[in-house]
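*Asks:* After the structure tokens below, expect a handful of questions from me.
Number of protein chains: 2
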Amino acid sequence: MEVNRSDISQTFIDLFIGGLKFTDEEFELLLSHMQLELIPRKCFYLKAGNISKQKAYINKGCTRTFTVDEKAHEHIMFFSFEDWWIADFESYYTQQPARQYIQAIEDCELLCISKCDLDKLEEQIPKLKLFFQEKKQKMIFATLNNLREVKSLTPEERYLNLVKKHPYIFQRIPQQYIAAYLDIEPPSLSRLRSRLSKK
Amino acid sequence: MEVNRSDISQTFIDLFIGGLKFTDEEFELLLSHMQLELIPRKCFYLKAGNISKQKAYINKGCTRTFTVDEKAHEHIMFFSFEDWWIADFESYYTQQPARQYIQAIEDCELLCISKCDLDKLEEQIPKLKLFFQEKKQKMIFATLNNLREVKSLTPEERYLNLVKKHPYIFQRIPQQYIAAYLDIEPPSLSRLRSRLSKK
DNA sequence: ATGAATTCTTAACCAAGGTTAACCTGCTTT
DNA sequence: AAAGCAGGTTAACCTTGGTTAAGAATTCAT
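Note that the protein sequences, when read in sequence, are chains A and B. Be aware that the first sequence starts at 814, since it is given in the working numbering, and climbs by one per residue. Be aware that the second sequence starts at 814, since it is given in the working numbering, and climbs by one per residue.
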């Protein structure tokens, strides 16, 4: 669907016009390559096996990125909210089938741009290339920290970290998904919570 | 210590001369910026709190990169062997104090180059820049796969994966470090192994 | 070669999370 | 309003890994 200027969040405009100092022409050029996709709650933006052909800015809504193991258990790698960019990182850069699913937790409005278009645009607008290189760098740091956390903390400690660092997610994310993010079963999360509330 | 041409492994020469098609001048230029560091077994190449100021090519030996949690338990992020490049990724790129330790498991010969020199060299030799960009990309993929594994597999499954994919490490890495890599205690690894050998 | 020091294994006991099933609550649907 | 459903909680039981300590096996140093 074509992007209607009125659909775009102020945050998106601030990001490019205010933050990255895009000229109006550059911004229009960018917009002309973006499509608006509406993903209803519970629907998939990407399924494992498909190729992640575009990056999407979350204009509204939130998603979960997860894998499914051999025992059919889901493991959530991360949640994404407004102002995040989503794609299956490995699939996007290799153009090989993804191993992860990206599913809308709430109705989502996504501003999408294809890898092909973005690659060209990045050559025309170096600021854009730098912006995504920065994003990539931060994403690596976040992944390494994540790995460190998963390796060194107990589920309870990870839960407490989540409460401390991202309390807002409990307003928007169902418990079962929090459990899948912590890699425990829903009854364990319930127990853990009641154990903590008694202290 | 200055790098003596005779110290360098054939693999290193093949990498740059054969693989990356460096001219002799480029190769000499690279070598002129590298230093040989000898790290004896059990000594640290990097300690948490220090800044990772250089990249090092493992000419000989192997290392472990690990963190220490609040309960003083060590968690090994990965092992590195000959022909790998080591640094604390986040610290190297941000020049902030590292949160990880890098310790020699065997006596190591490292070919080191400072971030400052490498940044300059990469401008002079674009092939070098591309080479490290590729490395970085692969490192991200590996980290994401690692995270997926840690989140979705049991220690037993991770052990079996290790046996299947990297059987050689059992020749060189003590059990206690394998346990710290799997994020279990040594007695658990022993139990797991005896359980498996009975099947 | 011998003693000392690591490293690995084993055993006993404990704690935490998995599994299953029942139950409760709040929503949707008709 | 009643039935159905999804999400969350609770309880009972089981499995697995942590903890501690003791003992066996290796390795190292002299």
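Idealized CB from N, CA, C, for every residue including glycine. In this text the structure is predicted, and so the values were computed from the model without any measurement.
With H, G and I counted as helix, E and B as strand and the rest as coil, what does DSSP make of Lys928 (chain B)?
*Replies:* As a working mapping, residue 928 (chain B) is identified with position 115 in the second sequence. It is helical.
*Asks:* Does the ligand MG have even one heavy atom less than 8 Å from the beta-carbon of Asp827 (chain A)?
*Replies:* Because no ligand of any kind appears in the structure shown, any question about the ligand MG cannot be addressed here.
*Asks:* Got a sec: which bits of the segment 948-963 of chain A sit with their beta carbon under 7 Å from any beta carbon on chain B, in order along the chain?
*Replies:* Listed in sequence order: Gln950, Ile953, Phe954, Thr956, Leu957, Asn959, Leu960, Arg961, Val963.
*Asks:* Quick one: give me the first and last residue of the alpha helix (DSSP H) that Tyr906 (chain B) is part of.
*Replies:* Within the second sequence, numbered from 1, the residue matching residue 906 (chain B) stands at position 93. Note, Tyr906 (chain B): alpha helix (DSSP H), 902-907.
*Asks:* With a threshold of 9 Å between beta carbons, is Ser845 (chain B) in contact with chain A?
*Replies:* Here residue 845 (chain B) is taken as the residue at index 32 of the second sequence, counted from 1. No, Ser845 (chain B) does not count as interfacial toward chain A.
*Asks:* Exposed or buried, which one is Arg877 (chain A) when buried takes at least 16 other CB atoms within 10 Å?
*Replies:* Translated into positions along the first sequence, residue 877 (chain A) becomes position 64. So Arg877 (chain A) ends up on the buried side.
*Asks:* Could you tell me which residues DSSP puts in a beta bridge with Ile871 (chain B)?
*Replies:* Working through the second sequence from its first residue, we reach residue 871 (chain B) at position 58. BP columns for Ile871 (chain B) point to B:Leu923.
*Asks:* Output the distance between the C-alpha atoms of Leu924 (chain B) and Gln946 (chain A), rounded to the nearest integer angstrom.
*Replies:* For the purposes of this step, residue 924 (chain B) is taken as residue 111 along the second sequence, with counting starting at 1. For the purposes of this step, residue 946 (chain A) is taken as residue 133 along the first sequence, with counting starting at 1. Distance between the alpha carbons of Leu924 (chain B) and Gln946 (chain A) is about 28 Å.
*Asks:* Kindly say whether His888 (chain B), judged by its beta-carbon, lies nearer than 9 Å to any beta-carbon of chain A.
*Replies:* The count along the second sequence starts at 1 and reaches residue 888 (chain B) at position 75. Judged by the 9 Å Cβ criterion, His888 (chain B) is in contact with chain A.
*Asks:* Straight-line CA distance for Leu849 (chain B) to Val816 (chain B)?
*Replies:* Translated into positions along the second sequence, residue 849 (chain B) becomes position 36. Translated into positions along the second sequence, residue 816 (chain B) becomes position 3. So the alpha carbons of these two residues sit roughly 5 Å apart.
*Asks:* Using a Cβ-Cβ cut-off of less than 9 Å, list which residues of the segment 896-915 of chain A approach chain B; keep chain order.
*Replies:* Answer in chain order: Phe902, Glu903, Tyr906, Thr907, Arg912, Gln913.
*Asks:* What residues in its chain sit with their C-beta under 8 Å from that of Glu998 (chain A), if we drop five residues either side in the sequence?
*Replies:* On the first sequence, residue 998 (chain A) is found 185 positions in, with the first residue counted as 1. The residues are Ala992.
*Asks:* For Tyr914 (chain A), write down the residues that DSSP places opposite it in a beta bridge.
*Replies:* Walking along the first sequence from the start, residue 914 (chain A) turns up at place 101. In DSSP, Tyr914 (chain A) forms a bridge with A:Phe879.
*Asks:* Kindly indicate which residue of B:Ser1001, B:Glu887, B:Tyr914, B:Ala900 has the alpha-carbon position closest to the one of Lys964 (chain A).
*Replies:* Mapped onto the first sequence, residue 964 (chain A) falls at position 151. Closest by alpha carbon: B:Glu887.
*Asks:* Assuming Trp898 (chain A) and Lys868 (chain A) are in contact, meaning their beta carbons sit under 8 Å apart, how far apart are those beta carbons, in whole angstroms?
*Replies:* By 1-based counting over the first sequence, the position of residue 898 (chain A) is 85. By 1-based counting over the first sequence, the position of residue 868 (chain A) is 55. That belief holds up - the Cβ atoms of Trp898 (chain A) and Lys868 (chain A) are roughly 5 Å apart, short of 8 Å.
*Asks:* Would you mind sorting Cys875 (chain A) into buried or exposed? The rule is 16 or more other CB atoms within 10 Å of its CB.
*Replies:* By one-based count along the first sequence, residue 875 (chain A) stands at place 62. Buried.
*Asks:* Are the CB atoms of Leu943 (chain B) and Phe902 (chain A) within a distance shorter than 9 Å?
*Replies:* Looking up residue 902 (chain A) in the first sequence gives position 89. Looking up residue 943 (chain B) in the second sequence gives position 130. Not a contact, by the Cβ cut-off of 9 Å.
*Asks:* Between A:Ile821, A:Asp930, A:Ile871, which has its C-alpha nearest Tyr858 (chain A)'s C-alpha?
*Replies:* Taking the first sequence and counting its residues from 1, one reaches residue 858 (chain A) at position 45. Closest option to Tyr858 (chain A), Cα to Cα, is A:Ile871.
*Asks:* Does the beta-carbon distance from Ala955 (chain B) to Pro910 (chain B) come in below 9 Å?
*Replies:* Here residue 955 (chain B) refers to the residue found at position 142 when the second sequence is read from its first residue. Here residue 910 (chain B) refers to the residue found at position 97 when the second sequence is read from its first residue. The answer is no: Cβ separation not under 9 Å.
*Asks:* Using the beta-carbon of each residue, which ones in chain B are nearer than 8 Å to Asp882 (chain A)?
*Replies:* Residue numbering aside, residue 882 (chain A) sits at position 69 when the first sequence is read from its first letter. Residues of chain B passing the Cβ test: Ser965, Leu966.
*Asks:* DSSP puts Trp898 (chain A) in a beta bridge; with which residues?
*Replies:* Here residue 898 (chain A) is taken as the residue at index 85 of the first sequence, counted from 1. Note: Trp898 (chain A) sits in a beta bridge opposite A:Tyr870.
*Asks:* Go to Tyr858 (chain A), then tell me how far its beta strand (DSSP E) extends in each direction, as first and last residue.
*Replies:* The sequence position of residue 858 (chain A) within the first sequence is 45, counting from 1. Looking at the DSSP string, the run of the beta strand (DSSP E) that includes Tyr858 (chain A) is 857-859.
*Asks:* By Cβ distance below 8 Å, which residues in the same chain neighbour Leu828 (chain A) in space, the five residues on each side in sequence not counted?
*Replies:* Numbered from its first residue, the first sequence carries residue 828 (chain A) at position 15. Asp896, listed in sequence order.
*Asks:* Can you find the residues in the same chain that come closer than 7 Å, C-beta to C-beta, to Phe840 (chain A), ignoring five residues on each side of it along the sequence?
*Replies:* Against the first sequence, residue 840 (chain A) aligns to sequence position 27. Only Phe829, Ile830 meet the Cβ criterion.
*Asks:* Excluding five sequence neighbours on each side, which residues of the same chain lie with their C-beta closer than 8 Å to the C-beta of Leu1005 (chain A)?
*Replies:* Position 192 of the first sequence, counting from 1, holds the residue named residue 1005 (chain A). So the list reads Pro968, Glu969, Tyr972, Ile997, once near-sequence residues are dropped.
*Asks:* What residues in its chain sit with their C-beta under 7 Å from that of Leu833 (chain B), if we drop five residues either side in the sequence?
*Replies:* Within the second sequence, residue 833 (chain B) is the residue found at index 20, counting from 1. Only Lys940, Phe944 meet the Cβ criterion.
*Asks:* For a quick check, are the C-beta atoms of Phe892 (chain B) and Tyr990 (chain B) less than 9 Å apart?
*Replies:* Here the question's residue 892 (chain B) lines up with position 79 in the second sequence. Here the question's residue 990 (chain B) lines up with position 177 in the second sequence. It is a contact, given that the beta carbons lie within the stated cut-off.
*Asks:* Taking the CB atoms as reference points, tell me whether Asp920 (chain B) and Lys873 (chain B) lie closer together than 9 Å.
*Replies:* On the second sequence, position 107 is the one that residue 920 (chain B) refers to. On the second sequence, position 60 is the one that residue 873 (chain B) refers to. Going by C-beta atoms, Asp920 (chain B) is nearer than 9 Å to Lys873 (chain B).
*Asks:* Spatial neighbours of Tyr981 (chain A) within its chain, please: CB distance less than 7 Å, with the 5 preceding and 5 following residues excluded, ordered by chain position.
*Replies:* Numbered from its first residue, the first sequence carries residue 981 (chain A) at position 168. Here the set comprises nothing.
*Asks:* Would Ala917 (chain B) pass as a contact of Arg854 (chain B) if the rule is Cβ separation under 9 Å?
*Replies:* Mapped onto the second sequence, residue 917 (chain B) falls at position 104. Mapped onto the second sequence, residue 854 (chain B) falls at position 41. In contact: Ala917 (chain B) and Arg854 (chain B) (Cβ atoms closer than 9 Å).
*Asks:* List the DSSP bridge partners of Ser865 (chain B).
*Replies:* Position 52 of the second sequence holds residue 865 (chain B). Paired residue(s): none; Ser865 (chain B) is not in a bridge.
*Asks:* Identify the continuous alpha helix (DSSP H) that holds Glu998 (chain A) and give its terminal residues.
*Replies:* Numbered from its first residue, the first sequence carries residue 998 (chain A) at position 185. Unbroken run through Glu998 (chain A): none, as it is neither H nor E.
*Asks:* Tell me whether Gln823 (chain A) is buried or exposed, calling it buried when 16 or more other Cβ atoms sit within 10 Å of its Cβ.
*Replies:* The residue labelled residue 823 (chain A) in the question sits at position 10 within the first sequence. Exposed, since its Cβ has fewer than 16 Cβ neighbours within 10 Å.
*Asks:* Thinking Leu960 (chain A) and Met952 (chain B) are a contact (beta carbons under 8 Å), I'd like their distance in whole angstroms, please.
*Replies:* In the first sequence, the residue the question calls residue 960 (chain A) occupies position 147. In the second sequence, the residue the question calls residue 952 (chain B) occupies position 139. Contact doesn't hold; Cβ gap of about 12 Å is too wide.
*Asks:* Could you say which of A:Phe825, A:Pro987, A:His846, A:Asp837 lies nearest to Lys933 (chain A) if we only look at CA atoms?
*Replies:* Working through the first sequence from its first residue, we reach residue 933 (chain A) at position 120. The shortest Cα separation from Lys933 (chain A) among A:Phe825, A:Pro987, A:His846, A:Asp837 belongs to A:His846.
*Asks:* Specify the secondary structure class of Ile889 (chain A) as computed by DSSP and reduced to three states.
*Replies:* Mapped onto the first sequence, residue 889 (chain A) falls at position 76. Looking at Ile889 (chain A) - three-state DSSP - the assignment turns out to be strand.
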